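Below is one structure, written out as C-alpha cells; the observations come after it.
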Amino acid sequence: MARRIFALSLFFLAAACTHALPPLAAGCELKAYPLPVDPHWNSASDSVSDSADTSGREDCAGTGARTPLQAAICRVAAASRGGGDEAARPRALLLSGGSQHGAFGAGFFQVEPVPSYNIVSGVSTGALQSTFLFLANRQVRNDRVYPAYVTDRRPPAQHTNVGDLELAYSIAREKDLMTVRSGGIPAAVVHGALARFDGLRGVIKDLISPGTLEDIADEGKTRLLVVGVTNVDDGAGYALDLTELASRMPRNPTPEQAAPFQNCFAEALIASSSVPLAVPPVMLRIRTDEARPAEPHLFIDGGARYSVIFEQLRRQAPGDHWDVDALVNGGFFIPAWTKAGQPWSLPSVGMRSLDVLENQVSRFSVYDVFRRDNPGRTRLAYIGPGAPAFRFTIDGVEQTCSDWSRADERDYKVTEFHPRYMRCLIAYGRSRVGANRWDRVEPPGS
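If you count the sequence shown from 1, position 208 lands on 303 in the numbering used here, and the numbers rise without skipping.
Written out as C-alpha cells, the structure is:
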C-alpha cells in the first residue's frame, strides 16, 4: 500500500485534480476536544519550559470553572483522585494506529482479563479496537450482527466483547474491509483514493448495534471513550467523544432512531482510520464549544498528528496520578533499510522517508506518555522483532508470519490487508504472556 501511495502522490503533483467534499452523515454531530501540539510553550513569556504550562487549567481538586474537556477528565478520575495504591489510581488504555497490524492488539488482549479502564483512547486501527476493550467487562448484546466472514456462529450472548475484537480482525479476504478500485493509479486520481472502506463501514455498523451503543452510554457515565482524528482544515488533532455521542441516543430506540447514531459512530472510526491517498477523507460536524454551533470539517487519520493520545487530554486537568497502558499496533523501532548498499531510486528513498516520519510520530507520542509529570505506573507493548519469524499453522500448513504475508500477496493479490498474515499476528499477540507480555514497565514514582 505504501509504495502505491507514494506513486500516487507523485501522480497527483502532475494531475492536480480536485474533488467535491464528501457528504456529511445525516444527523451526525460529535463533541470534539482539541489536542494541543505545544503544551510546553509558554505564550506569555514566549519561551519553552521543561514542564507543561498548566496556567489557566483547573486542577480536578479545585472548584473553579472547567472547560468541557476538563470536566470530562475530572469526572472519570473523581472516584480515585489523589493517587495512593494501585487499585485506587485511575487507569487509561492507549491504542495506536497500525492498519492490519491491529491484529496484534486483537490477540494481545485475549489472554488476560482486561481492566475497566477509566479512559480508553484509540487512533486509526486503535480506534477500531477501542469500543470492544472499553466494553470488555460487559455482556455482548443480542442485537449484534456478525459479518459473513465470521465463522463463530454462536448467539451473541455467548460471545465476549474482547473475543469479538479478535473475530473482527479475522477476515477471509481483503474486500471484507476494503475495496481497491480497478484501473490502478489513474482511476485513483479520478476518484481521490486508491480504495474505499465500504466493507469496514458495514462491519462497524453491524457490530456497534443499538444495544452496544446503550452499553457505551451506561459506561460513559463514569468513563470516557475517545478516538483521535486530524482536521485537514486547521491541521490540528482532535479527540472525538464517543461516550457523549452514545448518551444522546434514545433508550430502547427503534431501528430508525438508532441508525443515525450507528452511522455517526462508524464515520468517526472511519475518519480516524482514513490514511490520505489510500482512502478518501471524511466530513464530520464537530462541536468544540457549547456556546458555539457545530461546524463541518474534513478529517483524516488521527495518526497524522499522534500515534496515541492521552497526555494532551490529561494536561488540561492536572492533579491525578494515572496508570497508563499503551499498546502500539506495530514495531517501535524502524528496521534496517532493505536497499542499503544498493542503487537508490526516487520511490525507494521516498518510501524510506515516509517510514521514518511515521516511526518518529509514533515514538514521539509514546515518549510523551513516559515523560509525563505523573507518578503512576506506565506499561508499553509493541510488535517485537521476533514477530516476522513467529510460526503459525493454517489448514495444516505451518509458516512464519512473513511467509503468510508473502503467500497472501501471491495468492490474493492484496494491497494492504493480508488475511492469513493477520491471523498469524493474532496468534503472536496471544503468545505474549508472562515476562514477555510488556516491553517496558515503569513502576509508580519512576
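A virtual CB, placed ideally from N, CA and C, is assigned to each residue, including glycine. Note that the coordinates shown come from a computational prediction; the quantities given were computed from them, not determined experimentally.
- Collapsing the DSSP output to three states places L189 in a strand.
- Of the residues assessed, Y462 falls on the exposed side of the cut-off, its CB having fewer than 16 other CB atoms within 10 angstroms.
- With fewer than 16 other Cβ atoms from the protein chains shown falling within 10 Å of its own Cβ, W439 counts as exposed.
- Judged by pairs of C-beta atoms under 8 Å, the region 385–396 does not touch the region 446–454, as fewer than three such pairs exist.
- The region 487–500 makes no contact with the region 422–435: fewer than 3 CB pairs, one atom from each, lie closer than 8 Å.
- Inter-segment contact for the region 331–347 and the region 282–296 is absent: fewer than three beta-carbon pairs are separated by less than 8 Å.
- In the structure shown, P538 adopts coil according to DSSP, grouped into three states.
- Residue burial annotation: V536 is exposed, with fewer than 16 other C-beta atoms found within 10 angstroms of its C-beta.
- By the Cβ-count criterion, D329 is exposed, with fewer than 16 other Cβ atoms from all chains shown falling within 10 Å of its own Cβ.
- Spanning the alpha carbons of Y401 and G221 requires a straight line of approximately 12 Å.
- If you look at I395, you'll find it in the beta strand (DSSP E) that goes 390–396.
- Between the C-alpha atoms of P118 and C359 there is a straight-line separation of about 12 Å.
- Rounded to the nearest whole angstrom, the CA to CA distance from L422 to L190 is 5 Å.
- Spanning the alpha carbons of L125 and P163 requires a straight line of approximately 13 Å.
- In terms of Cβ geometry, P539 and R466 do not form a close pair [threshold 8 Å].
- One alpha carbon belongs to P345, the other to R236, and they sit about 17 Å apart.
- A straight line joining the alpha-carbon of T317 with that of I303 spans about 20 Å.
- If you draw a straight line from the Cα of G397 to the Cα of S367, it comes to about 5 Å.
- Of the candidates T226, S457, P242, the residue whose Cα lies closest to the Cα of D301 is P242.
- In the assembly as shown, S277 is an exposed residue. Its beta-carbon has fewer than 16 other beta-carbons within 10 Å.
- Beyond the five residues adjoining it in sequence on each side, L475 comes within less than 6 Å, by CB distance, of A421, D534, R535 in the same chain, given in chain order.
- In the DSSP annotation of this structure, the continuous segment of the beta strand (DSSP E) that includes V377 starts and ends at 377–382.
- With respect to I404, P371 sits apart: the two C-beta atoms are not nearer than 8 Å.
- DSSP places P480 in the coil class of the three-state scheme, outside both helix and strand.
- The beta-carbon distance between E362 and V374, rounded to whole angstroms, is 13 Å. This is too long to meet the 8 Å contact definition.
- If you draw a straight line from the Cα of G436 to the Cα of G202, it comes to about 37 Å.
- Its chain contains Y333, L335, I381, T383 as the residues whose beta carbon lies nearer than 6 Å to that of A127, once the 5 sequence neighbours on both sides are disregarded; these appear in chain order.
- When L320, V171, R170 are compared, the shortest CA-CA separation from T226 is found for L320.
- C-alpha of V298 to C-alpha of L223: approximately 10 Å in a straight line.
- The region 244–312 is shown to contain whole alpha helix (DSSP H) runs of 4 or more residues at 256–264, 279–286, 293–302, in chain order.
- C123 places its beta carbon 8 Å or farther from that of A412.
- The alpha carbon of H114 has as its nearest neighbour, out of L393, G323, P305, A354, the alpha carbon of L393.
- In this structure, L340 sits near F356, with a CB-CB distance shorter than 8 Å.
- Distance from the CA atom of P470 to the CA atom of V209, rounded to whole angstroms, is 22 Å.
- The beta-carbon separation of N454 and G192, rounded to 12 Å, does not stay under the 8 Å limit for a contact.
- In the three-state DSSP reduction, A366 falls in the helix class (H, G or I).
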